[in-house]
Every structure is written in structure tokens, then in C-alpha cells.
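Asks: Below is one structure. I have some questions about it.
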Amino acid sequence: MIKQLSDLIDPAEVQAFRMFLYELWQQENKYLLKNDLILQFEKFCKENQRSDLLEPGASIEKLLRHTPELIISEDVAVLLHRPRLARYRIYQISIQGDDVQEISTRGLLELRNRLIMPHADDREEKLRINFLPFYDYGPNIKNVNGIGKGIDFLNKHMSSSLFQKPEDWNKRLFEFLKIHSLDNQQLLIGAGFQGDYQQFIEQIETLVKELADVSPETSHQELAPRLQRYHLEPGWGNTAGRIRETLQLLLDLFQSPDSHNLEKFISRIPMISKIAIISPHGWFGQENVLGRPDTGGQIVYILDQVRALERALRERLAQQGLSTQPKIIVITRQIPDHQDTTCHLRREKIFHTENSFILRVPFTDSQGHVIPQWISRFKLWPYLERFSMDAKTALLSEFSGKPDLIIGNYSDGNLVATRLASQLNVTQCNIAHALEKNKYLFSDLYWQDLESEYHFSLQFSADLIAMNMADFIITSTQQEIAGTEESGGQYESYLFFTMPGLMQVENGINLLHPKFNVIPPGVDENIYFPYHQQERRLNNQTQRLEKLLFSDTHPEIIGHLDQPDKPPIFSMARLDHNKNITGLVESYGKSPALQEQYNLVVIAGKIDPSHTDDVEEVSEIERMHQLIAEYNLDGKIRWLGVHLAKEDAGETYRIMAERQGIFVQPGRFEGFGLTV
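If you count the sequence shown from 1, position 486 lands on 1073 in this note's numbering, and the numbers rise without skipping.
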């Protein structure tokens, strides 16, 4: 147990650390984040000629590298220590001595509260939230290195349970196979079988031997009469060879279970044919939408996901011997004031799919009136309850019943998915794409200052509800969940936090739960391929885009290039605070060396603030104009306020690469983006 500074750092460095804390105590800023803390320590070492304290391996330097924040309060310093992924210790250190006391998460949250609301009445009851006890009833990952590998963990856990309690688990597996159905069709074991699982095993052993003498290519249709004599329904496979393999896998599970066979067997069982994907905000369409407010990579990701899912489901269902056709519905918001998009259409078939559609449901007010105009993702919360009820009705009609899986996207879609999954008793998957809590510094502590514009009180509450209710959560990287050794993750930021005057979250999410699974996003390789594959490129497309990017005059383009043959620095994103296009322009404007060697080409948002209703975009547009004028960038920059089709976006990247350009991702925070 750590009781004094010498337990925390090298005894030879204790005096220097006490001096450093004393200097911090004298400063006006009492709340220091990691970067500020390290800069202050470097300054302290320089002024006191203690460069040895900055050397790799020095204990203070090592401690501060793993200290996300430090708060000075009266005569103590409270240090939040993160020794490894998703693990924290909170130390209260005396300024005048070397006493160290470990304090609770609640103690830290109370201190943060007092820092923001020093005159608040401590006797006032607070809403305290702790979700951790709800995770006591299931298995949890023990090692932080296993975070994001939930499926692997569950397969090992279940195979271990099958091995340790074979009688219990064999009965459960058998009962599942007996009742399993898909799209109102009984699968696997017919109702006519009246025996127990041991009798079923005996039958399967006999059938496996019989099938050894049948050509592996024999179709399920030809074998159906024989299979029905054993009370077997469709779902085991489409050929004799595949049916025999699946039955043998089942026998192996009953007799000698292991995680590999369990995973392989489950993957062969028909589980899903109907999927609902929820994505309410933005301009969800297939043409003329990318680059609009709240409309970017998430749309591309979902549409690519739908195409890939439909292909995979169609192939898998066929291999399982079923004629069922998969169907995927993307539920989004219908926008009557559609601004030359298809967002007013009730139903739209998704390109390059056979049976997948965008289904649009309007937002309505309390009187039932349709809201015609686009609404920022930060301001749509009052409409989601009615939207979820209308979406439920629409989905039940489209599917002629319930979906098998509901996938939520972003905070709003995840909340609606939670409502639907709970009401329909359907498996729920969440995909955050981005959690706003990480994007806006101190957005929890100073939520009241941001509430009128961002409504973080609602969004963070929605995030907590949705992530804890989800059956599984997909992320693109482990870092999205639990960060790196140097910085925290998006979901990790919900472990504990306070919103003074609203709530204290002492345990917001269990990062070690197997619901978290990492599946990196992919790209459409028909659109995004290397520039040197000339045979795949279209000359007329290349020529048109080169003119647009470097020379054409256009009402939605600002700037001309004095030397268009210079290599370009290129970025393409929505024009909002987090995407930080203005930060890129400012950095370029401050660097004569960059201006000498490169042009700057950005595709972002609109160029006229009167053409958008998004407050954040208006601010960024005005800032762009200011920076171009301030740094006299005319002749060196091209700012295109145009919407590129996805096919044109792929060729644009190739053009930039061909010109030896530099692609810049200037975002302040980007945990899920396709370009990452």
C-alpha cells in the first residue's frame, strides 16, 4: 500500500517532486491536464538545472507520463494515475509533507464538483450512477489485453463450461437446436423428435456414418427425405458434405468441446436474415449528401456495411441449405425540405443490393406535425421518442414481423436501437462512430455552459443507457475502447465523470465485458485503389476532376493557384470544429516554407455562411475566410465547397497521390474515421 511519496517514486527524487508540487500550488491554474503538467515539469527542471529528472526511466517523469490530470486543492494535490490501460489509482498528496493517501473515485468526483461549483451545498443529494453491479451476473475478461476480443473470450468461456458441466450445457445446446427457427421456419431439429440429447447423439452418429457413403456434392433437396427420417430440418447445410461436416462438429462439441469447434459450429447455424440499421441524423442518402453538416464517413460506412452484410448473408444462407432471402432496412429521418437530395423519399433501394432499402421516417412534434427541415445532431433529442415508435411500426410492416438484429449508429441511433431492441426483444448492436465526450474538452465539467448549443446532458445520458443496454458493441480499434498506454479511449472516458449539478457517474461502463468487439472498417476496393493501377482509372473522370481541383472557376470554389504544378497538401472533410480544417489552413498560413513548396487544396463544407443552418459550420466558414485574408493565401489555396460523389472521392485521392501530394488528417479527434 502506498502511504508516502517514496512508495510512489524514487526516494532520491522525492524532494524535487515536493518542490514541483509547491510551485504548482502557488499558480492560479489548479486543474492541470497531462500536457500542461509535463510542460510545467520541463520548465521546473530547466529552471532548477535538473535535466536528470527528464531522462527516460526517471521516476517522476514516468509517473507524470501516466497522469491524465492533477488537481491542487487547498493543501493537497490530487493525482489521477493511469498505470496501464483502463486502470486508475487516485492519490491525495500533501503539499507540505510526503504523506500519500489513496482516495475513492467518488472523492475525485466530489473534488471536481467543488472546483466548478465552489459554493454548492455539499448536503444536497446527488444523482449517483453505478452500472458495475449489473455486470456481476456474467463472465468478464480478466486481462486488459483481451479488451475488444469479446467473441473469442465467450467461445473459450462456453467451451470451458461445456467441458466442466457437460450434462447441463449439452441439455441447453440440445434445447436450443430443438426450438431454433428463422423467418417462421423451423430449423435443425423437427418437432417430431421426442428423445433426449443422448438419443439425439446416437441418431447423429448413425447418420454421419450413412453420409460417408453419399457423394459430398449431393444436394440437400435430394437428401431431405432421409434427413426427415431422423427428424432433421433444413439448416445443416446445402450438400451432403457440408451437412456431414456440421453434424460432426456438433458431435465433437457434445463429446469433446473446444473453443475452435464451438466458433465454427455457431458460424454454421442460420441465425440472421433480417437486419434493421438505425441512423437518424444527417442527410442519409446515396447522392449529393457527403460533405453536408453531420453527413460524412458514417453514411459511407453504413452503405458499404449493408452491401457487405447482404452478400455475406446471402452466401451463408445458401450454404446452410435455406432459400430465405436476406433483407436489410436502414431507418433514418425523412426530410421534406430535401435540398436536391433524395432525403424526402419514403423508401429508396440501396445501390448494388438485391433486397436492401433506406426507409425514412419523419420527425414529428408533440402535435404530430412533421418537421420539414434538417436538424443538427445536437438538437434532435426531443423527437427521438416519437421517431422510435414510428420506426417500430415501419419495421414491423417492412419485415412482416421482427428483425433478427438491430444495429444502432452514433448516440441518437444507439438510443433508438435500445428502445426498439427492448420493446421487440431483439439482439442489439451499437456502433458509436464517435463519442462527443472526447471531442470537446471538459464537456462534462462545463456542460451547463455548452448546453444551449450541444445538449450534452442528454447525449451523455443517452450514451450511458445505450452502451450498457447493448448486447454487443463494435469498435474499429482497441484504442477506441481503452486507449493506449499514453492516452485514454473513447469508451474509457465514461468509466467515471461528473456533470456538476446534474449527476455523478462512478462506474459508467465495464470495459472488460465481452460485449466489446473490434472489427476494423473496410473500404470499397472498386472505388479506393492505388493511383498506379492506370488500367482501372477513367481518363475522362481524371481530366474533369483535375480541372475542378486545380483550375476551374466555380461559384462554390474560392482561390486560384499561381503555380498549379506544385505538389498539393490535401484534406477533405466536413467543415466543423472537430474536423479542424481551419487549423490546417492556419498552420499552412504560418509556414512560409510550406507555402513555398506546396499548394493547399481543401474540400470542405460550403463557402457561403448564408447557405447553411448549422451554427458550427457558419463559424468555421467565417474563420476560413478570415484566415485566407489574414495570411494572404490567394494564389496558394483552393477551397472547394462542393459535394463529391464517392466514386469521384476515390479518384481525387489518386490524383493527389500522383502529384506527390500530402494527405493531412487534421481532426482534433478521430477514433473511427475511414481515413484513419
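We treat Cβ as the ideally placed atom computed from N, Cα and C, and that holds for glycine.
As an exercise, report each continuous alpha helix (DSSP H) stretch of at least 4 residues that is fully enclosed by the segment 1065 to 1148, in chain order.
Replies: 1065 to 1069 and 1126 to 1137
Asks: Just checking my contact of I889 with V917 at CB under 8 Å: how many whole Å lie between their CB atoms?
Replies: 6 Å
Asks: Helix, strand or coil, according to DSSP, for G995 in the structure here?
Replies: strand
Asks: According to DSSP, is I830 part of a helix, a strand, or is it coil?
Replies: helix
Asks: Is the Cβ-Cβ distance between Q906 and R831 less than 8 Å?
Replies: no
Asks: Going by C-alpha to C-alpha distance, which of I864, A1021, R894 and L1082 sits closest to D991?
Replies: Ranking I864, A1021, R894 and L1082 by Cα distance to D991 puts I864 first.
Asks: Report the rounded CA-to-CA distance for Q613 versus I659, giving the unit in angstroms.
Replies: 9 Å
Asks: Below 8 Å, can you find three or more Cβ-Cβ pairs linking the segment 1143 to 1154 to the segment 1212 to 1227?
Replies: yes
Asks: Would W1034 and L1089 qualify as a contact pair, given that the criterion is a beta-carbon distance under 8 Å?
Replies: Yes; because the gap between Cβ atoms is below 8 Å, this pair is in contact.
Asks: For I1224, would you say it is in contact with chain B, using Cβ-to-Cβ distances shorter than 8 Å as the test?
Replies: This model lacks chain B altogether, as it is built from one protein chain only.
Asks: Around the C-beta of H668, are 16 or more other C-beta atoms found within 10 angstroms, so that it is buried, or is it exposed?
Replies: buried
Asks: I want to know whether the segment 868 to 878 touches the segment 755 to 770 - three or more CB-CB distances under 8 Å.
Replies: no
Asks: Could you check which residue in I962, Y997 and K989 has the C-alpha nearest to that of A1049?
Replies: Of I962, Y997 and K989, the residue nearest in Cα terms is Y997.
Asks: Taking just the CA atoms, how far does Q772 sit from I790?
Replies: For the record, residue 790 in the displayed sequence is Gln; it is not Ile. Cα-Cα distance, rounded: 23 Å.
Asks: Using DSSP with H/G/I as helix, E/B as strand and the rest coil, what is Y817?
Replies: DSSP places Y817 in coil when its eight states are reduced to three.
Asks: With a cut-off of 8 Å, do at least 3 Cβ pairs link the segment 1132 to 1139 to the segment 1231 to 1243?
Replies: Yes: at least three Cβ pairs fall under 8 Å.
Asks: Could you tell me whether the segment 1082 to 1100 touches the segment 710 to 730, using the rule of 3 or more Cβ pairs below 8 Å?
Replies: yes
Asks: Quick one: is R671 buried, meaning 16 or more other Cβ sit within 10 Å of its Cβ, or exposed?
Replies: exposed
Asks: Which of helix, strand or coil does DSSP assign to M1159?
Replies: strand
Asks: According to DSSP, simplified to helix, strand and coil, what is F871?
Replies: coil
Asks: Looking only at DSSP bridge pairs, what is E935 linked to?
Replies: DSSP lists I945 as partners of E935.
Asks: I need the DSSP call for D685, collapsed to helix, strand or coil.
Replies: coil
Asks: Figure out for me which residue from V887, G883 and Q912 has the closest Cα to the Cα of E897.
Replies: Q912
Asks: Which runs of the beta strand (DSSP E) spanning at least 3 residues fall entirely within the segment 952 to 1006, listed in chain order?
Replies: 992 to 996
Asks: Contact defined as beta carbons within less than 8 Å: I believe V893 pairs with I915. What is the distance between those atoms, to the nearest angstrom?
Replies: 5 Å
Asks: Applying the criterion that 16 or more other CB atoms from any shown protein chain within 10 Å of the CB defines a buried residue, is N1307 buried or exposed?
Replies: Within the shown structure, residues of the chain are numbered from 588 to 1263, placing residue 1307 beyond reach of any answer.
Asks: Where DSSP assigns a beta bridge to G1222, which residues make up the other side?
Replies: In DSSP, G1222 forms a bridge with L1148.
Asks: Around the C-beta of R1123, are 16 or more other C-beta atoms found within 10 angstroms, so that it is buried, or is it exposed?
Replies: exposed
Asks: Have a look at R1246, V795, D1036 and K979 and flag the residue whose alpha-carbon is nearest the alpha-carbon of N1012.
Replies: K979
Asks: Check whether the segment 1203 to 1213 and the segment 1056 to 1071 are in contact - that is, three or more C-beta pairs closer than 8 Å.
Replies: no
Asks: To the nearest angstrom, how far is it from the Cα of Q815 to the Cα of A827?
Replies: 14 Å
Asks: Throw me the rounded Cβ distance for the P1155 and R1246 pair, which I believe falls under 8 Å.
Replies: 6 Å
Asks: So who's on the other strand from V665, going by DSSP bridges?
Replies: For V665, the beta-bridge partners assigned by DSSP are I658 and Q679.
Asks: Looking at the secondary structure, which residues open and close the alpha helix (DSSP H) in which T1239 lies?
Replies: K1233 to E1245
Asks: Tell whether a beta-carbon distance below 8 Å holds between K1026 and F1256.
Replies: For K1026 and F1256, yes; Cβs fall inside 8 Å.
Asks: Taking 8 Å as the threshold (C-beta atoms), are D685 and R605 in contact?
Replies: yes
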